[in-house]
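Going by full-length UniProt numbering, the first residue of the sequence shown is number 1, and it counts up by one from there.
Think of the CB as a built atom: it goes at the ideal place given N, C-alpha and C, for glycine as much as any other residue.
Read through the structure below, which is laid out as structure tokens, and then see the notes.
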Amino acid sequence: MWKKILILCVIIAVVGVGMTAFFKNYNVKIAITTKQHQTKHPKRQLQTDWSQQNVVVFGDSVSVGYTGIANHADTNAWTYQVAKKLKFHSFTKYAVNAATITGNDTTKDFLGQIQRFQMSKTADSATVAIISLGVNDINLTKYTPAEVAKQLKYYINELKAMNSKLVIYGVDPMANYVLNDKKQNTKNAVGYTANAYIQAINQVYQQKGIQVYNWAKDPIVTDENHQKMYGDHVIHPTQATQNKMAQHLATWLANQ
């Protein structure tokens, strides 16, 4: 009898050790599996192949290449240079001198540029739109930054409604000296500085997930050099300045 009890105790002890080892090993396996499962390999962000992109540009005189000098031909604007540097598949410029975001002149303002885009063959085939507007809203209109931002947001929605696959980029206005030929950020007719407008514009771009080039972060025009950098000394770039703009913007876009 005692022998049977002794044998039974030995069996229970062996089984217990085995089960403990089993659960220990099982836990190790689970821990390893979980650790492996948590290891993630982020996908590489592929840069845009610009040679495959059909690009349209909405802008004002700076995008046109206007120098502001009487009887002086337009420059080779940054728009054309960037298109060549990045080898766009196609390029269409809708920019017009004196264009604003808020105006309702269908011959020049953002409204008219979008209407021409909508009626063109490029509306369906365009893959990228670059918006370079806002400086004339600062200097020539009496709209507040909030009103300019509201109108910009509306037109961005319109563009996306026309072509949902359109990828939009923004280019901020550069420093300008129309209101004060000595320094930038002078308050305009309604009491706001250029910075206030640019901040409002950029907030819209941010809300819409749009990448924007901010000249203030790497300025090529300053209070000290603007008379040399601008053909009319206040707002319209010389050819040399357009060349620098093209270098900056081509490098930026190439990394998108």
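Annotated three-state conformation of Tyr66 is coil, per DSSP. Residue burial annotation: Ala70 is exposed, with fewer than 16 other C-beta atoms found within 10 angstroms of its C-beta. Buried is the label assigned to Tyr66, since at least 16 other Cβ atoms lie within 10 Å of its Cβ. C-alpha of Leu253 to C-alpha of Val128: approximately 11 Å in a straight line. In the assembly as shown, His72 is an exposed residue. Its beta-carbon has fewer than 16 other beta-carbons within 10 Å. If the five residues before and after Ser61 are omitted, its C-beta is found closer than 7 Å to the C-beta atoms of Asn97, Ala98, His236, all from its own chain and listed in chain order. In this chain, the beta strand (DSSP E) harbouring Gly59 covers 54-59. Look at Phe110 here: in three-state DSSP terms it is helix. DSSP places Tyr205 in the uninterrupted alpha helix (DSSP H) bounded by 194-207.
Distance from the Cα of Gln52 is smallest, within the candidate group Lys121, His89, Asn76, for His89.
By the neighbour-count criterion, in which 16 or more other beta carbons inside 10 Å mark a residue as buried, Gln256 falls on the exposed side. DSSP lists Tyr169 as the beta-bridge partner residues of Gln211. About 18 Å separates the Cβ atoms of Tyr169 and Gln199, ruling out a contact at the 8 Å cut-off.
By the criterion of a C-beta distance shorter than 7 Å, Leu86 is surrounded in its chain by Trp50, Ala250, Leu253, Ala254, once the five residues flanking it on both sides are discounted. DSSP, read as helix, strand or coil, puts Pro219 in coil. In this structure, Pro173 and Gly231 do not form a Cβ contact; the two beta carbons are roughly 17 Å apart against a cut-off of 8 Å.
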